[in-house]
Amino acid sequence: MASGLIGWLYGRRKSRLISSVVRHLELATRCVEDISEATHRALNDENADDILELLNEREREADRYRRKIIYELARSELTAEDKDDLSHLVKRVDMIADYARGAGRILAILPKLGELPTELRLCISDMARLLVKCSEATRRCVETLLEDKEEALKYADKVEEAEEEVDEAYGRCRKLIVDGLDSLPAPRIVFLSQFLDALENTADSCEDTVDQVRVIAIHIS
């Protein structure tokens with residue numbers, strides 16, 4: 107099946123639908139950049155309210171694009187299976203933005219991250235940095251699918267490697283939290299753990315997205 111999918115995409119690269127897919131992907135990537143920047147600010151006791159508000163706006167815009175794309179797919183001449191493939195891709199991209207915004211909501215109520223132990227602050231900063239690396243590779247993977255599926259699959263492997271790096275940092279951060287239980291208030295431990303979970307889930311959504319790219323690549327071979 108779906109040998110017509112890649113031709114359909116190639117033939118409509120400048121169409122409203124493909125433009126929307128690209129914009130949706132850009133917004134999701136920017137959401138990750140926003141939560142990373144907000145995290146770095148919070149770790150340095152700097153105000154992050156403006157970047158968190160921007161994150162919220164981008165996520166809402168991404169959600170509008172998701173609905174628009176699903177509507178356009180429903181009206182397209184693609185087969186039901188092709189529509190399903192692309193709608194799954196769009197929904198997984200949207201989850202990247204959703205989890206990034208979720209992390210932002212938690213970050214907004216986390217007090218005084220600059221007072222955390224230095225090693226833990228550095229670990230969280232590293233996790234946020236690696237998350238941007240993961241999301242950027244995801245963006246390149248999806249964009250490249252329109253041009254060269256083999257290159258897209260290479261980027262999918264890079265996303266998987268980056269997600270593993272995020273996961274490793276996540277594990278280190280959680281261990282540092284456990285090691286510092288006596289020095290951290292219980293509410294802060296709870297919210298900090300939820301924040302790290304949201305960052306890790308964002309990376310997982312990147313991996314889920316490129317898994318769907320792999321599915322589409324198989325279908326268009």
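So the sequence shown is numbered by my numbering: it starts at 107 and just counts up by one.
Each residue gets a CB set at the ideal place from its N, CA and C atoms; glycine is no exception.
Notebook entry, point to check: Given that a residue counts as buried once 16 or more other Cβ atoms are within 10 Å of its Cβ, and exposed if not, what is V319?
Noted result: The Cβ neighbour count for V319, taken over all protein chains shown within 10 Å, is at least 16; the residue is labelled buried.
Next item on the list: Could you check the C-alpha separation between V199 and E306 for me, to the nearest Å?
Entry: Each residue's alpha carbon lies about 15 angstroms from the other.
Next item on the list: Quick one: give me the first and last residue of the alpha helix (DSSP H) that A258 is part of.
Entry: Taken as a continuous stretch (DSSP letters only), the alpha helix (DSSP H) holding A258 covers K255 to D285.
Checklist line | Check whether R227 and L149 have beta carbons under 9 angstroms apart | finding: L149 sits close to R227, with the two beta carbons spaced by under 9 angstroms.
Check: A144 by DSSP, collapsed to three states: which one?
Finding: It is helical.
Notebook entry, point to check: Can you check whether the CB of E267 is closer than 9 angstroms to the CB of V128?
Noted result: Not in contact: V128 and E267 (Cβ atoms no closer than 9 angstroms).
Notebook entry, point to check: Which residue from A168, L302 and G210 puts its Cα closest to that of D232?
Noted result: In this structure, L302 is the residue among A168, L302 and G210 with its C-alpha nearest to the C-alpha of D232.
Checklist line | Rounded separation between A243 and I215 - CA only | finding: The straight-line gap separating the alpha-carbon atoms of A243 and I215 is approximately 30 angstroms.
Checklist line | First and last residue of the uninterrupted alpha helix (DSSP H) at P293 | finding: Residues A292 to H325.
Item checked: Inter-residue spacing [alpha-carbon to alpha-carbon] between V272 and R211 -> Approximately 20 angstroms between the Cα atoms of the pair.
Checklist line | Cβ-based neighbour list, A57, same chain, cut-off 8 angstroms, excluding 5 preceding and 5 following | finding: Any property of residue 57 remains undetermined from this structure, which presents the chain solely from 107 to 327.
Notebook entry, point to check: Under a three-way DSSP split, which group does N162 fall into?
Noted result: Shown here, N162 sits in a helix according to DSSP, grouped into three states.
Item checked: G210: first and last residue of the uninterrupted alpha helix (DSSP H) it sits in -> Its alpha helix (DSSP H) spans residues A186 to L213.
Next item on the list: State the Cα-Cα distance for the pair T224 and L282, rounded to the nearest angstrom.
Entry: Their Cα atoms are separated by approximately 10 angstroms.
Margin query: DSSP three-state label for S231, please.
Written below: When secondary structure is reduced to three states using DSSP, S231 falls in the helix class.
Check: Secondary structure at K218, three-state DSSP: helix, strand or coil?
Finding: The answer is coil: DSSP assigns K218 none of H, G, I, E or B.
Note to self: Classify D285: buried if its beta carbon has 16 or more other beta carbons within 10 angstroms, exposed otherwise.
What the structure shows: With fewer than 16 other Cβ atoms within 10 Å, it is exposed.
Next item on the list: Taking R172 and K197 to be in contact with their CB atoms under 8 angstroms, please state how far apart those CB atoms are, rounded to whole angstroms.
Entry: With 8 angstroms as the limit, R172 and K197 qualify as a contact, their Cβ atoms being about 7 angstroms apart.
Check: By how many angstroms is the C-alpha of Y177 removed from the C-alpha of A191?
Finding: Reading the sequence as shown, one finds Asp at residue 191 and not Ala. So the alpha carbons of these two residues sit roughly 14 angstroms apart.
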